[in-house]
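Trainee:
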Amino acid sequence: MIKKSFPNFPAIIGLVWLIIIILGYEVTHFSLDLSVLNYLWKFFAVFLYVCLAGGIGFKIWVGRELPILTTRILQVLLGFGILILITLILGVFWRVTPTIITILWVIGLIVFSKSIYAWFKSISNSFTHAPLNLSGFEIILCFYLFLFFAIQLFQSFAPPIKYDALIYHLTLPKIYLDLQRIEDIPWLVMSGMPQAAEMMYLDVMAIAGETGPLILNWFFGILTSIGIFGFLKEKVNAKSSLVGVVCLFSGYTVVSSLSWGYVDWVGCLFGMGMTVCIIQVIDHYSKSLVFLSGIFAGLAFSTKYPAGVIFLSGFFTLSLIIWRNKSNFLQSIWRYFLGASLFAIPWLLKNLILTGNPVYPFFFPSGSMDLTRLGVYQGMEPYGDLFDLFLLPIRATIQGIDGTNGYSVSLGPLFLGFSILAFLGLEKLCRKKKTETLILGLLCFSGIFIWAVGNQISGFLIQTRFYFSLFPAFTILAAFGFENLENNMIGKKNLIILSRIAVVIVLFLNIFQITSDFVKKGTLTYLFNLENRQAYLERNLGWYALVMEDIQNLPSESRILSIFEPRGYECVPACDPDEILDHWKISYSKHSDNDLILSDWKNAGYTHLLVYQEGIDFLKENPDPHHPIQELNQLQSFLATISVEKNFGGIYTLYRLDGH
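Written out as C-alpha cells, the structure reads:
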C-alpha cells in the first residue's frame with residue numbers, strides 16, 4: 089500500500105495551533121462592547137440603503153456618456169430620487185412606519201439584487217484598478233481625506249447636537265414617524281419646504297435610529313468626492329484631480345457639516361450631478377444628458393428652495409451651450425425643464441394640497457402662516473452693503489466664519505484661491521479646455537449673481553450653506569486652476585514646491601481645528617461607553633439638555649409651549665417649539681391682556697411654558713425690529729403673574745400654566 093504524503097501537514101497543524109491559542113487568549117482577555125456592534129449595524133444599514141439606490145439607478149440608466157466612476161455615482165442619485173418619491177407618496181396618501189419601510193427595503197434589495205451586485209462590482213473594480221504609484225504630495229492629500237472622513241464618521245455615530253438639525257432637519261422625520269404619515273405641521277413652518285433629504289433621513293431613521301441620518305449625510309460627502317474625482321480624472325492629471333477634491337474640504341464648516349444631519353451636502357451631491365452633465369454636454373451633446381442635468385437640478389431644488397440656484401444657473405449655462413452648438417433651443421430647454429419638474433413639482437403639489445400655497449411658507453398667508461408670521465419670517469434686511477454685489481466670493485471666504493452672523497460658513501481659502509487661477513493664461517489653453525473653463529465660469533458667476541441679488545431681497549439668503557449646490561462647479565474650476573498654476577511653473581521647481589507647501593499648511597490647520605473640535609465634544613468618551621447619551625448632550629448642549637431631560641420626565645399628558653427656544657427634536661410631540669421666535673408676538677398681537685393670553689394657551693391644551701430667558705436678555709441688548717422692547721417688557725410682565733416650576737441656572741425657566 090502506497091502512503092500518501094502531505095507536505096503541508098506540519099504547516100497546517102502549526103497554523104491551527106496558533107489560531108487556537110489566539111482565540112483562547114482573546115476570549116478570556118478581550119471584551120467586545122455591544123455598542124460597537126450597534127455602530128457597525130447602523131453603518132451597514134445605511135450602506136445597504138446607498139447600495140439599493142445604486143442598484144435602482146443602475147437598472148433604469150446605463151449611462152455611457154460620462155466616466156464610469158462618475159456614472160456609478162449618478163446612478164445612486166437617480167436611485168435616491170426614486171426612493172424619495174416613494175416615501176413621499178406613501179407618507180402623504182397612506183402611512184410610513186418602521187415596519188412598512190423595512191418591508192420595502194427587503195423587497196427592494198431582493199428585486200434589485202442583480203443590479204446592486206453589478207453596480208457594486210463595477211465601482212469596486214474602479215478602485216482596485218486604480219494606480220498606486222502616488223507621489224509624496226498625493227499621499228499627503230489622500231491621508232488628509234482619509235483622516236477627516238474617519239473623524240466625521242465617528243462623530244456621526246454620536247447623538248445629533250447641531251442647531252438646525254434639532255429644529256427641523258431631524259425633527260421632521262421623527263414627527264412623521266410618530267404621526268405615521270406626512271402632513272403639514274402647523275407649529276413647524278419648515279414642513280412646507282422641499283424635503284428630499286428629510287425623506288431619506290426618515291427611511292434610515294426608521295431602520296438605523298437617530299444617528300442613521302448623520303451617517304447617510306456622511307455618505308453624501310463620500311459620494312460627492314468620488315463623483316467629482318471620477319469626472320476630473322478625464323479632464324486633468326491625477327494630482328490636480330486630488331487637489332480639486334481637497335479644495336472642497338479645505339474649510340472647517342464644509343468638513344464638520346458631514347456629521348451634522350443638515351441638507352446642504354445632499355444639495356451639493358445633486359449639484360455635482362447637474363454640473364458634470366452640463367459640462368459633458370459641451371462636446372458630447374445628447375438628449376439624455378440634457379434631461380439628466382434637469383433631473384439633478386430638480387433634485388437639488390427638492391432639498392431646499394435656495395438650492396434651486398443651480399437650476400437657474402444651469403438654465404443660463406445650457407442656453408449658451410445650445411446657442412454655441414446650434415442645437416434646437418426649445419427642444420433642449422423643454423427636456424431640461426421636464427427633467428427638473430419630475431422631482432421639483434411633487435413638493436409644490438404637496439404644499440398646494442396641504443396648505444393651498446405651492447411655495448409655502450412664503451409670499452402670502454396660507455396654512456399656519458398669517459401676516460404676523462410672514463413679517464417675522466421674511467422681513468430681514470440685506471446683509472452687508474452693495475459691495476456684496478461685486479465682492480461676494482471674497483467676502484464669503486474672508487468674512488465667513490462658522491456659527492456667526494452673515495455668511496456663517498468657514499469655506500476655506502483654496503476654493504476661491506485656485507478656482508480663479510483656472511483663468512490663468514486662458515488664451516494658451518486648448519480649445520476644449522478653454523470652452524469648459526468659460527462654461528464653468530458662467531455657471532459659477534450666474535450662481536454668485538443670484539446669491540447676491542437674493543441677499544438684497546432678504547438678508548437671510550446671504551448664508552453660504554444655502555449654495556452648496558454650486559460647490560462642485562467651483563471644485564472643478566479649482567482643479568483646473570491648480571493644473572494651470574503648475575503648468576505655468578514648469579522648470580521652476582521651487583515655486584511648485586512652495587505652492588504645494590501652501591496647500592499642505594491649509595490642510596494641516598483645518599485638520600487641527602477639526603480634531604480639536606472632535607476632542608472637545610468628547611465623542612470618543614461617548615462611543616466607548618464611558619458616558620451615557622444624556623451626559624454627552626449636557627457636555628455639548630449645556631442647560632438645554634437638562635431642560636429636555638426634565639420635560640421628558642413630566643406627566644404624559646403635559647404639553648409645553650416654548651418661548652424663544654426653537655429646538656424641538658428632544659421633546660416632540662409633547663412640546664411646541666418656537667421655531668421662528670414668534671409665539672409671544674402672535675399671542676401679544678391678539679391680546680394685550682395677560683389673562684386673555686393665559687386663557688388662550690390653556691384652552692389650546694398647554695400645561696407648561698418654557699422660556700429661554702437668555703434669549704430675552706439678548707434681544708434687549710441687541711434690538712431687533714421683529715421683537716420690540718415693548719413686547720419683551722410685556723412678556724416679562726406676564727411671566728411675573730404665573731408660577732415657576734423650575735429655574736435652570738437663570739438660562740431657562742419652566743412655568744406651570746394650570747397652577748396660575
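Going left to right, the sequence shown walks through residues 89 to 748 as my numbering numbers them.
No residue lacks a Cβ here, since even glycine has one placed at the ideal position from N, Cα and C.
Between which two residues does the beta strand (DSSP E) harbouring arginine 744 extend?
Mentor: Per DSSP, arginine 744 belongs to the beta strand (DSSP E) from 740 to 744.
Trainee: Going by other Cβ atoms of all chains shown within 10 Å of its Cβ, with 16 needed for buried, is tryptophan 411 buried or exposed?
Mentor: Tryptophan 411 is exposed by the Cβ-count criterion.
Trainee: Who are the Cβ neighbours of isoleucine 370 in its own chain at under 7 Å, not counting the five residues just before and after it?
Mentor: Excluding residues within five positions, the ones whose Cβ falls inside 7 Å are Ile409, Thr523, Glu524 and Ile527.
Trainee: For leucine 697, name the three-state secondary structure that DSSP assigns.
Mentor: The answer is strand: DSSP assigns leucine 697 an E or B state.
Trainee: For leucine 162, which residues of its own chain have a beta-carbon under 6 Å away from its beta-carbon, when the five flanking residues on both sides are left out?
Mentor: Answer for leucine 162: Gly361, listed in chain order.
Trainee: Below 7 Å CB to CB, which residues in the same chain sit around threonine 741 once its five sequence neighbours on both sides are set aside?
Mentor: Once the five neighbours on either side are set aside, the close Cβ partners of threonine 741 are Val699, Gln701, Val732 and Asn735.
Trainee: What number of angstroms, rounded off, separates the C-alpha of alanine 428 from the C-alpha of isoleucine 366?
Mentor: Approximately 13 Å between the Cα atoms of the pair.
Trainee: So the candidates are Met288, Thr552 and Leu625; which of them puts its Cα closest to the Cα of leucine 490?
Mentor: Checking the sequence, you will find aspartate at residue 490 rather than leucine. Of Met288, Thr552 and Leu625, the residue nearest in Cα terms is Thr552.
Trainee: Buried or exposed for isoleucine 198, please, with buried defined as at least 16 other CB atoms from any protein chain shown within 10 angstroms of its CB.
Mentor: Exposed, since its Cβ has fewer than 16 Cβ neighbours within 10 Å.
Trainee: To the nearest angstrom, how far is it from the Cα of glutamine 640 to the Cα of valine 104?
Mentor: One C-alpha to the other measures close to 54 Å.
Trainee: Helix, strand or coil: which one does DSSP assign to aspartate 712?
Mentor: The answer is strand: DSSP assigns aspartate 712 an E or B state.
Trainee: Between the Cα of leucine 642 and the Cα atoms of Tyr624, Asp746, Ala662 and Leu629, which residue gives the shortest distance?
Mentor: Residue Ala662 is the option with its Cα nearest to leucine 642.
Trainee: Let me know if tryptophan 751 comes out buried or exposed under the rule of 16 or more other beta-carbons within 10 Å of its beta-carbon.
Mentor: Given a span of 89 to 748 for the chain in the structure shown, any question on residue 751 remains unanswerable.
Trainee: Identify whether phenylalanine 245 lies in helix, strand or coil by the three-state DSSP scheme.
Mentor: The answer is coil: DSSP assigns phenylalanine 245 none of H, G, I, E or B.
Trainee: Restricting to Cα atoms, I'd like to know which of Ser210, Pro186 and Val635 is closest to arginine 160.
Mentor: For arginine 160, the nearest C-alpha among the options comes from Ser210.
Trainee: Just to confirm my understanding: we take lysine 321, look at its own chain, exclude 5 residues before and 5 after, and list those with CB closer than 6 Å. What are they?
Mentor: Counting only Cβ-Cβ distances below 6 Å, and skipping sequence neighbours, we find Ser329.
Trainee: Return the chain-ordered list of same chain residues with a C-beta closer than 7 Å to the C-beta of aspartate 252, the five sequence neighbours on each side being excluded.
Mentor: If we look at aspartate 252 and ignore the five residues flanking it on each side, its Cβ neighbours are Tyr350.
Trainee: Using a Cβ-Cβ cut-off of 7 Å (strictly less than) and excluding sequence neighbours within five positions of asparagine 445, which residues of its own chain qualify?
Mentor: Correct list, in chain order: Asn439, Phe452, Ser454 and Gly455.
Trainee: Taking C-alpha atoms, which residue in Ala141, Val180, Asp638 and Thr187 lies nearest to leucine 166?
Mentor: For the residues Ala141, Val180, Asp638 and Thr187, the minimum Cα distance to leucine 166 belongs to Ala141.
Trainee: Candidates Phe403, Ala133, Val635 and Trp422: which alpha carbon is nearest tryptophan 193's?
Mentor: Answer by Cα proximity: Ala133.
Trainee: Please classify glutamate 271: does DSSP put it in a helix, a strand, or coil?
Mentor: In this structure, glutamate 271 counts as coil in the three-state DSSP scheme.
Trainee: Looking at the structure shown, is phenylalanine 511 part of a helix, part of a strand, or coil, going by DSSP?
Mentor: DSSP places phenylalanine 511 in coil when its eight states are reduced to three.
Trainee: Who are the near neighbours of leucine 573 in its chain, counting only those whose CB is closer than 7 Å to its CB and skipping five residues on each side?
Mentor: Within the same chain, leucine 573 has close Cβ partners Leu509, Leu512 and Ser587.
Trainee: Do isoleucine 172 and valine 397 come within 9 Å of each other at the CB atom, strictly closer than that value?
Mentor: Against a cut-off of 9 Å, the Cβ pair of isoleucine 172 and valine 397 comes out as no contact.
Trainee: Looking only at its chain, what residues have a beta carbon closer than 6 Å to the beta carbon of phenylalanine 379, apart from the 5 residues adjacent to it on each side?
Mentor: These residues qualify, in order along the chain: Arg423 and Gly427.
Trainee: DSSP has aspartate 664 in a bridge; who is on the other side?
Mentor: Paired residue(s): Leu649.
Trainee: Is it true that the CB of threonine 391 sits closer than 9 Å to the CB of glycine 355?
Mentor: It is a contact, given that the beta carbons lie within the stated cut-off.
Trainee: Let me know the secondary structure DSSP gives glutamate 733 once reduced to three states.
Mentor: Of the three classes helix, strand and coil, the one that applies to glutamate 733 here is strand, per DSSP.
Trainee: With DSSP as the reference, label serine 454 as helix, strand or coil.
Mentor: Looking at serine 454 - three-state DSSP - the assignment turns out to be strand.
Trainee: How many whole angstroms separate the CB atoms of valine 343 and isoleucine 593, which I take to be in contact at a CB cut-off of 8 Å?
Mentor: 16 Å between Cβ atoms; not a contact.
Trainee: Where do the ends of the alpha helix (DSSP H) carrying leucine 517 lie?
Mentor: Segment: none, leucine 517 is in no alpha helix (DSSP H) and carries neither H nor E.
Trainee: Could you check the C-alpha separation between alanine 284 and isoleucine 651 for me, to the nearest Å?
Mentor: Roughly 29 Å separates the two Cα atoms.
Trainee: In the DSSP assignment, the alpha helix (DSSP H) including glutamine 718 goes from what residue to what residue?
Mentor: 717 to 727 is the span of the alpha helix (DSSP H), which, as asked, contains glutamine 718.
Trainee: Only counting the same chain, and skipping five residues up and downstream in sequence, which positions put a Cβ closer than 7 Å to that of leucine 480?
Mentor: Counting only Cβ-Cβ distances below 7 Å, and skipping sequence neighbours, we find Ile536, Trp539 and Ala540.
Trainee: Looking at isoleucine 195: is its Cβ nearer than 9 Å to the Cβ of threonine 175?
Mentor: No, the Cβ-Cβ distance between isoleucine 195 and threonine 175 is not below 9 Å.
Trainee: Starting from methionine 362, trace the alpha helix (DSSP H) in both directions and tell me its first and last residue.
Mentor: Note, methionine 362: alpha helix (DSSP H), 352 to 369.
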